[in-house]
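Participant: Numbering (this note's numbering), first residue to last: 7 to 550. The following block contains the structure, expressed as structure tokens.
So, in structure tokens, the structure goes:
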């Protein structure tokens, strides 16, 4: 080992960079020849001068938990509950130990976690921050020997807490040569600068029988990280929001007309901004804009006239037309700037609202959805509910586990892509055929007890003196189409099914729309026989 190794020149040069960059290491420990330890704690600004008087750590790993403190006054013992923050020094990361009865672990300060509302993703050992748009961002990376936190989060936290972050370091280096062989003397040097202090000591290794550890160097100190002076907490939401312009039509020369979605600049029914476009100006988008939301059903929900991101935000949409999605100009302004930019990429120069949206938004009338997928979903849920009221069990079992999102993503394909069509056929079959309540159906069957799936359903229907050959033919064809569509290679079975579903004669999106219409017809067929007295909603003319 070279002489300069015990001088720690390399690490000393890096002290200034501690607490800078994208990530800040708040804990690190590596056992071995080169012992390394980094730890951190929050220190009140009033204690900074005291902390910089000595290089030793102001808190040790494992310290920092709450406890009881006893004192005597006038001969009487007094006990009080104390927190580490009461003394002005508190750990940002804590080592939890349970005396080897249970395995220990590291955790981030509860205050820090709660302030940023961090989600603990235990499988990846990451803490995630969810922003106002619903997007997830890594905030903390945890390993057995290292913990890193996003620097900008630390500095924002320091701003609101009016504190400094002390990054403590304690490095040990060993040499197999004596200090005499290295040509150096035992020494201890302390150095202090703006926001840091450290000591470097070199000497003989004491207490080690290992011949590789004849001399020893130690670097001990701390670096203080300040708050972000440019960060201003926006408690009342006063920070200026960004708005973009959307295409709302075309002028007489055919050039696109754009206008901001900022509600404060739009006209309304109360006389605001005369001459400006109205809050309810229809803005149209390609249907593919919904792909992002359908592809993440655990996060987004696309329903009849509504798009939502968990409980964070929602948007009224008109998705009751086959080729476009309409949103009112003023509603677009309620989206985050990031989300506005996403929608802008699908903006169409022209379009109108659907008949359904006009009745709901302008006339204030209740109206059933118009597109086949939305209408099927409404019909399916209502049918299953009325069926359960009559029979005491659902005809279609609720999807659970990995399948629970199938109903949410079921839709007429947004494009004529074969893969999307196949996925939607598989989803529809899972919802409409695979979910048949075979357990309850079996209770009403006295013959063909070993029947399964559609055979069991047909046998149950016959036991109820009901028969519909066209309906069962359609269901069997749909099941066969799923099998043929999801095969690695589409063969003769797929080709034989094409005429029944008019594939090749129609676009794939239109084919699936027809299939959904037939599913609605199936529900109506069952409804007329088994549930003749249920209320009927406004019907869409799918039977024509």
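All residues carry an ideal CB built from backbone N, CA and C; glycine is no exception.
How long is the line joining the alpha carbons of residue 119 and residue 70, rounded to whole angstroms?
Facilitator: Near 16 Å, if we compare the C-alpha coordinates of residue 70 and residue 119.
Participant: Using only alpha-carbon positions, find the residue among 123, 87, 384, 149 that is nearest to residue 112.
Facilitator: Ranking 123, 87, 384, 149 by Cα distance to residue 112 puts 149 first.
Participant: Can you tell me whether residue 145 is helix, strand or coil according to DSSP?
Facilitator: DSSP places residue 145 in strand when its eight states are reduced to three.
Participant: Would residue 412 and residue 435 be called neighbours here (beta carbons separated by less than 7 Å)?
Facilitator: Not a contact, by the Cβ cut-off of 7 Å.
Participant: Would you decide whether residue 192 is buried or exposed? Buried here means 16 or more other CB atoms lie within 10 Å of its CB.
Facilitator: With fewer than 16 other Cβ atoms within 10 Å, it is exposed.
Participant: How long is the line joining the alpha carbons of residue 277 and residue 263, rounded to whole angstroms?
Facilitator: Distance between the alpha carbons of residue 277 and residue 263 is about 23 Å.
Participant: Short check: CB of residue 290 to CB of residue 335, under 7 Å?
Facilitator: No, these two residues do not count as a Cβ contact at 7 Å.
Participant: Judging by CA-CA distance, which residue of 252, 469, 99, 187 is the nearest neighbour of residue 287?
Facilitator: Of the listed residues, the one whose Cα sits closest to residue 287 is 252.
Participant: Beta carbon of residue 29, beta carbon of residue 154: below 7 Å?
Facilitator: Cβ atoms of residue 29 and residue 154: closer than 7 Å.
Participant: Measuring CB to CB, does residue 472 end up less than 7 Å from residue 524?
Facilitator: Contact: no.
Participant: Helix, strand or coil: which one does DSSP assign to residue 353?
Facilitator: Strand, per DSSP.
Participant: Does the beta-carbon of residue 296 have 16 or more other beta-carbons within 10 angstroms, so that it is buried, or is it exposed?
Facilitator: Flag for residue 296 reads buried.
Participant: For residue 39 and residue 177, I'd like the C-alpha separation in whole angstroms.
Facilitator: For residue 39, the predicted structure reports a pLDDT of 45, less than 50, and the residue's modelled location is therefore unreliable. A value from the coordinates is still provided. About 11 Å.
Participant: Go through its chain and collect everything with a Cβ distance to residue 490's Cβ below 8 Å, but skip five positions before and after it.
Facilitator: Hits under 8 Å: 496, 497, 499, 500, 503.
Participant: Among the candidates 415, 358, 421, 310, whose CA atom is the shortest distance from the CA of residue 373?
Facilitator: Residue 310 is the option with its Cα nearest to residue 373.
Participant: Find out if the Cβ-Cβ distance for the pair residue 72, residue 205 is shorter than 7 Å.
Facilitator: No, these two residues do not count as a Cβ contact at 7 Å.
Participant: Using the rule of at least 16 other Cβ atoms within 10 Å of the residue's Cβ for burial, across every protein chain shown, is residue 528 buried or exposed?
Facilitator: By the neighbour-count rule (16 or more Cβ atoms within 10 Å), residue 528 is buried.
Participant: What's the gap between the Cα of residue 143 and the Cα of residue 135?
Facilitator: Near 5 Å, if we compare the C-alpha coordinates of residue 135 and residue 143.
Participant: For residue 240 and residue 342, what's the separation of their Cα atoms in angstroms?
Facilitator: Computed Cα separation, rounded: 16 Å.
Participant: Note down, in chain order, each residue of its chain lying with its Cβ closer than 7 Å to the Cβ of residue 517, except the 5 sequence neighbours on either side.
Facilitator: Around residue 517: 507, 508, 509.
Participant: Which runs of the alpha helix (DSSP H) at least 4 residues long sit entirely within the region 312 to 356? Give them in chain order.
Facilitator: You should have 335 to 338, 343 to 350.
Participant: Excluding the 5 residues preceding and the 5 following residue 284 in the sequence, name in chain order all residues of the same chain whose CB lies nearer than 6 Å to its CB.
Facilitator: Closer than 6 Å at Cβ, skipping near neighbours: 273.
Participant: Would you list, in sequence order, the uninterrupted beta strand (DSSP E) runs of no fewer than 3 residues that lie entirely inside the region 150 to 219?
Facilitator: Segments of the beta strand (DSSP E) lying fully in the region 150 to 219: 152 to 156, 169 to 181, 193 to 199, 202 to 210.
Participant: If you follow the alpha helix (DSSP H) that residue 502 is in, where does it begin and where does it stop?
Facilitator: Unbroken alpha helix (DSSP H) run through residue 502: 498 to 507.
Participant: Using CA atoms only, rank isn't needed, just tell me which of 124, 131, 147, 130 is closest to residue 140.
Facilitator: Of 124, 131, 147, 130, the residue nearest in Cα terms is 124.
Participant: Cutting at 6 Å between CB atoms, please list the residues of its own chain near residue 306, excluding the five before and the five after it.
Facilitator: For residue 306, where only same-chain residues beyond five positions count, the Cβ hits under 6 Å are 299, 315.
Participant: Do the region 224 to 233 and the region 9 to 26 meet, that is, are 3 or more Cβ pairs less than 8 Å apart?
Facilitator: Because the criterion of three Cβ pairs below 8 Å is met, the region 224 to 233 and the region 9 to 26 touch.
Participant: Just grab the DSSP bridge partners of residue 531 for me.
Facilitator: Paired residues: none, contrary to the question.
Participant: Give every residue of the same chain whose Cβ lies closer than 7 Å to the Cβ of residue 466, excluding the five residues on either side of it in the sequence, and list them in chain order.
Facilitator: The residues are 447, 450, 451.
Participant: Helix or strand or just coil, what does DSSP make of residue 92?
Facilitator: The answer is helix: DSSP assigns residue 92 an H, G or I state.
Participant: Okay, do the region 422 to 432 and the region 383 to 401 touch, 3+ Cβ pairs below 8 Å being the bar?
Facilitator: Taking 8 Å as the limit for Cβ pairs, the verdict is that the region 383 to 401 does not touch the region 422 to 432.
Participant: Taking only the alpha-carbon atoms, compute the straight-line gap between residue 395 and residue 445 and give it to the nearest angstrom.
Facilitator: Taking the straight line from one Cα to the other gives about 18 Å.
Participant: Shortest alpha-carbon distance to residue 137 belongs to which of 130, 122, 131?
Facilitator: The shortest C-alpha separation from residue 137 is found at 122.
Participant: Just the C-alpha distance for residue 133 and residue 219, rounded to the nearest angstrom, thanks.
Facilitator: When rounded, the distance between both Cα atoms is 39 Å.
Participant: Mark residue 324 as exposed unless 16 or more other C-beta atoms lie within 10 angstroms of its C-beta, in which case mark it buried.
Facilitator: Label assigned to residue 324: buried.
Participant: Can you give me the Cβ contacts of residue 166 inside the same chain, cut-off strictly under 7 Å, excluding the 5 residues immediately before and after it?
Facilitator: Answer for residue 166: 239, listed in chain order.
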